[in-house]
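Going by full-length UniProt numbering, the final residue of the sequence shown carries number 301, and the count climbs one at a time with no gaps.
Notes follow once the structure below has been shown.
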Amino acid sequence: MTYSNGVDGTVPELKLRVEDSENGDYVKLRGRSDEEEEGSSAESSGFSIGSVTSVWFWVKLISLVVCLVSLAFVIIKWIGPFLIEKELIPFINWVRNTFSIPVLGLLLFASVALFPSILLPSSPSMWMAGLTFGYGKGFLLILSAASIGVTLPFLIGHLFLHKMQEWLKKYPKKAAILRAAGEGTWFHQFQAVTLIRVSPFPYIIYNYCALATGVHYGPYILGSLVGMVPEIFVSIYTGIMLRTLAVASDTRHTLSVVEIVVNVLGFCVTASATIVCTIYAKKKLSAMQSEDVETLQNPIL
Numbered sequence: 001m002t003y004s005n006g007v008d009g010t011v012p013e014l015k016l017r018v019e020d021s022e023n024g025d026y027v028k029l030r031g032r033s034d035e036e037e038e039g040s041s042a043e044s045s046g047f048s049i050g051s052v053t054s055v056w057f058w059v060k061l062i063s064l065v066v067c068l069v070s071l072a073f074v075i076i077k078w079i080g081p082f083l084i085e086k087e088l089i090p091f092i093n094w095v096r097n098t099f100s101i102p103v104l105g106l107l108l109f110a111s112v113a114l115f116p117s118i119l120l121p122s123s124p125s126m127w128m129a130g131l132t133f134g135y136g137k138g139f140l141l142i143l144s145a146a147s148i149g150v151t152l153p154f155l156i157g158h159l160f161l162h163k164m165q166e167w168l169k170k171y172p173k174k175a176a177i178l179r180a181a182g183e184g185t186w187f188h189q190f191q192a193v194t195l196i197r198v199s200p201f202p203y204i205i206y207n208y209c210a211l212a213t214g215v216h217y218g219p220y221i222l223g224s225l226v227g228m229v230p231e232i233f234v235s236i237y238t239g240i241m242l243r244t245l246a247v248a249s250d251t252r253h254t255l256s257v258v259e260i261v262v263n264v265l266g267f268c269v270t271a272s273a274t275i276v277c278t279i280y281a282k283k284k285l286s287a288m289q290s291e292d293v294e295t296l297q298n299p300i301l
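Take a look at the structure:
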């Protein structure tokens with residue numbers, strides 16, 4: 001029931017409730033404001049909205065999984081065999097018939113060493129190194145060539161040092177992570193360079209920008225080689241997988257269950273390790289960037 005006193009407006013509604021207790025019956029008067037009523041209605045509506053959102057999330061997730069599985073099936077069933085038979089096998093046969101193993105190794109070494117300097121990707125050459133030489137020799141070939149591939153842009157960067165520094169000042173947010181690699185001790189620089197190499201940051205661009213950040217060559221080259229190890233193993237494994245599929249398709253040989261399981265598990269482990277390393281590197285770089293920002297805002301006197 002409501003009452004009006006003519007001055008202050010309407011008195012909040014009073015509800016009468018009779019309850020029992022061990023000490024006897026008693027009467028409790030409780031006022032319920034409009035805000036409480038709105039809150040209760042909002043809670044009920046929020047619950048329903050949350051339920052709908054949760055259902056919609058699962059619907060989208062299941063739809064995404066179905067689409068990915070369908071796409072993978074189409075690639076494995078039709079697109080993959082077509083590309084292997086029409087493109088990959090003729091290319092591998094042409095390379096083997098045209099170049100000897102030593103000449104091919106020299107060409108792959110030169111491409112991995114020189115392509116980064118002219119802003120070209122060297123991943124196809126790494127795949128070919130894995131396809132031709134396997135893990136051991138392929139890893140040594142790629143690593144030794146990559147040491148030259150990251151050194152040449154570092155040295156060439158002296159010619160464009162002033163322009164690189166202006167670019168870093170023009171885009172301070174994008175360059176914050178790069179600047180973090182040029183600060184601190186030798187080990188700090190080594191750690192930052194390693195994380196930049198593992199992260200999805202374009203390494204071809206960093207090769208030329210590294211000198212402008214003030215990083216020294218020692219931590220730069222060592223951090224670069226250590227950070228490129230996951231990429232090298234992924235590239236070699238990709239080449240070995242391509243060779244396995246090409247041989248199986250060329251000889252009309254069906255892969256056994258053991259071969260399929262080993263290849264699938266190897267791919268999953270390689271992909272998972274790469275993803276984990278990339279996520280860790282991004283988080284670590286973000287933490288280092290935050291520390292640098294705090295240091296600049298609160299300098300030690």
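The C-beta atom is built at its ideal place from N, Cα and C for all residues, glycine as well.
Taking the Cβ atom as the reference point for each residue, do Leu108 and Ser125 lie within a distance shorter than 7 Å? For this step, residue 108 is matched to residue 108 along the sequence shown. For this step, residue 125 is matched to residue 125 along the sequence shown. In this structure, Ser125 lies closer than 7 Å to Leu108 by Cβ.
Nearest-angstrom Cα separation, counted from Arg96 out to Lys283: By one-based count along the sequence shown, residue 283 stands at place 283. By one-based count along the sequence shown, residue 96 stands at place 96. Rounded to whole angstroms, Lys283 and Arg96 show a C-alpha spacing of 44 Å.
Consult DSSP for Ala210 and reduce its assignment to one of helix, strand or coil. Reading the sequence shown from its first residue, position 210 is the one you call residue 210. If DSSP states are grouped into helix, strand and coil, Ala210 belongs with coil.
Along the chain, where does the alpha helix (DSSP H) containing Gly157 start, and where does it finish? Working through the sequence shown from its first residue, we reach residue 157 at position 157. No alpha helix (DSSP H) holds Gly157; DSSP gives it neither H nor E.
Cβ atoms of Ile89 and Ala246: under 7 Å apart, would you say? Taking the sequence shown and counting its residues from 1, the one referred to as residue 246 is at position 246. Taking the sequence shown and counting its residues from 1, the one referred to as residue 89 is at position 89. Yes. Within cutoff.
Around the C-beta of Ala72, are 16 or more other C-beta atoms found within 10 angstroms, so that it is buried, or is it exposed? On the sequence shown, position 72 is the one that residue 72 refers to. Exposed, because fewer than 16 other Cβ atoms sit within 10 Å of the Cβ of Ala72.
With DSSP as the reference, label Thr151 as helix, strand or coil. On the sequence shown, residue 151 is found 151 positions in, with the first residue counted as 1. Reduced to three states, the DSSP call for Thr151 is helix.
Backbone CA spacing between Ile279 and Gly105 [nearest angstrom]: In the sequence shown, residue 279 corresponds to position 279, counting from 1. In the sequence shown, residue 105 corresponds to position 105, counting from 1. The straight-line gap from Cα to Cα measures roughly 33 Å.
Start-to-end residues for the alpha helix (DSSP H) that takes in Phe82: For this step, residue 82 is matched to residue 82 along the sequence shown. Where Phe82 is concerned, the enclosing alpha helix (DSSP H) stretches over Gly80 to Leu83.
Classify Thr213: buried if its beta carbon has 16 or more other beta carbons within 10 angstroms, exposed otherwise. Translated into positions along the sequence shown, residue 213 becomes position 213. Classification of Thr213: buried, given that the 10 Å Cβ count is 16 or more.
Contact under 7 Å by Cβ, Ser123 with Ser235: Sequence index remark: in the sequence shown, residue 123 carries index 123 (1-based). Sequence index remark: in the sequence shown, residue 235 carries index 235 (1-based). Cβ atoms of Ser123 and Ser235: closer than 7 Å.
Would you identify the three-state DSSP class for Pro121, choosing helix, strand or coil? Counting from one through the sequence shown, the residue named residue 121 turns up at place 121. Pro121: coil per DSSP, three-state reduction.
Return the chain-ordered list of same chain residues with a C-beta closer than 6 Å to the C-beta of Arg179, the five sequence neighbours on each side being excluded. The count along the sequence shown starts at 1 and reaches residue 179 at position 179. Answer for Arg179: Thr213, listed in chain order.
Under a Cβ-count criterion, where at least 16 other Cβ atoms within 10 Å of its own Cβ denotes burial, should Ala181 be classed as buried or exposed? Taking the first residue of the sequence shown as 1, we reach residue 181 at position 181. By the 10 Å Cβ count, Ala181 comes out buried.
Indicate whether the contact test is met: 3 or more Cβ pairs, each with one atom in the stretch 196 to 214 and one in the stretch 163 to 178, closer than 8 Å. yes
Using 8 Å for Cβ pairs, my map puts Pro116 next to Asn207. What's the rounded Cβ distance? Here residue 116 refers to the residue found at position 116 when the sequence shown is read from its first residue. Here residue 207 refers to the residue found at position 207 when the sequence shown is read from its first residue. Rounded, the Cβ-Cβ distance is 6 Å, consistent with contact.
Do Val193 and Tyr220 have their C-beta atoms within less than 7 Å of each other? On the sequence shown, position 193 is the one that residue 193 refers to. On the sequence shown, position 220 is the one that residue 220 refers to. Yes; because the gap between Cβ atoms is below 7 Å, this pair is in contact.
Using 8 Å as the threshold, is the stretch 193 to 203 in touch with the stretch 225 to 243, meaning 3 or more CB pairs across them? Flag = yes, the stretch 193 to 203 and the stretch 225 to 243 touch.
What residue from Ala145, Leu285, Ile205 and Glu183 has the CA that sits closest to Phe160's CA? Counted from its first residue, the sequence shown places residue 160 at position 160. Nearest C-alpha to Phe160 among Ala145, Leu285, Ile205 and Glu183: Ile205.
Cβ neighbour criterion (16 or more within 10 Å) applied to Ile101: Here residue 101 is taken as the residue at index 101 of the sequence shown, counted from 1. Counting other Cβ atoms within 10 Å of its Cβ, Ile101 stays below 16 and is therefore classed as exposed.
Can you tell me the Cβ-Cβ gap for Val198 and Cys277, rounded? I've got them flagged as a contact below 8 Å. Taking the first residue of the sequence shown as position 1, residue 198 is located at position 198. Taking the first residue of the sequence shown as position 1, residue 277 is located at position 277. Correct: roughly 5 Å between the Cβ atoms.
Residues in its own chain within less than 7 Å of Met128 by CB, not counting five upstream and five downstream? Locating residue 128 in the sequence shown gives position 128, counting from the first residue. Hits under 7 Å: Leu108 and Gly239.
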